[in-house]
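Throughout the sequence shown, residue numbering follows the working numbering, covering -5 to 79 in sequence.
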Amino acid sequence: MRLGELIGKEIVNLYDGARLGVVGESDLTIDAATGQVHSIILPRRQSLLNLWVERPQLVIPWEAVKKIGSEVIVVELDQTTPRFR
């Protein structure tokens, strides 16, 4: 699968049904030698009240990706998974 095929897909958490973000508004950590994706990094959504506050990023390990559909990427992150950095 190519990066271009992931762009625009919404990321949804299987654990609680939460919509986490969209690929394209996120970064990927990729092994330069092998091309293997290690994680998806999503910026946290900002509200108008918190424009100047630095927000942690949501890090989704590639192992948490369970299914890639035509419009959605399903990931499984439970509440015990450390997700922010």
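Built from N, CA and C at the ideal position, the CB exists for glycine as well.
If you draw a straight line from the C-alpha of residue i to the C-alpha of residue j, how long is it?
i: R79; j: V6; result: The predicted position of R79 is uncertain, since its pLDDT is 47 and thus under 50; no value can be drawn from it.
i: A12; j: A27; result: 33 Å
i: Q30; j: K61; result: 17 Å
i: I1; j: D25; result: 19 Å
i: L22; j: E57; result: 13 Å
i: Y9; j: S20; result: 21 Å
i: E70; j: S64; result: 18 Å
i: I54; j: V17; result: 12 Å
i: D72; j: R38; result: 17 Å
When you compare the CB positions of residue i and residue j, do they come within less than 8 Å of one another, or not?
i: G15; j: L36; result: yes
i: V66; j: E4; result: yes
For residue i, which of the options has the nearest alpha-carbon?
i: L34; options: V59, S64 and V66; result: Before going on, a small fix: residue 34 reads as Ile here, not Leu. Taking only the C-alpha atoms, the option nearest I34 is V59.
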